[in-house]
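Everything below concerns the one structure shown next.
Residue numbers (my numbering): 2 to 105.
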């Protein structure tokens, strides 16, 4: 069931869902939505380009020294799929994690 539609009200991240195009509730989606929304608001709505999610991959640490990583792929990505696991994947995961922190 759809409710009333309102202009210029935004929801992003875990609290948002477009019924016709559901996205995973991940930080990757929220970060891309946040960048899109800041660009949209800074242009005062002149930029009418709709949000497009680009799946960059997924990473998960299993334990210290072990992780799984899938880079690229997905239905909305043109990049090739690369899968890693084990210690090298954990180093990759840790590097990405550290670069995403706001400060060191």
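For glycine and all other residues, C-beta sits at the position ideal for the given N, C-alpha and C. Model, not experiment: these values are computed from the prediction.
Here DSSP, grouped into helix, strand and coil, assigns residue 12 to coil.
Between the alpha carbons of residue 90 and residue 29 lies a gap of roughly 18 Å. For residue 44, no beta strand (DSSP E) encloses it, and the DSSP letter there is neither H nor E.
As summarised for the region 56–101, the continuous beta strand (DSSP E) elements at least 3 residues long and confined to that stretch are 58–64, 67–72, 83–87, given in chain order.
Take the alpha-carbon of residue 10 and the one of residue 37: they are about 14 Å apart. Shown here, residue 39 sits in a helix according to DSSP, grouped into three states.
Here the alpha carbons of residue 88 and residue 67 stand approximately 5 Å from one another. Here residue 33 is buried: its Cβ has 16 or more other Cβ atoms, across all protein chains shown, within 10 Å.
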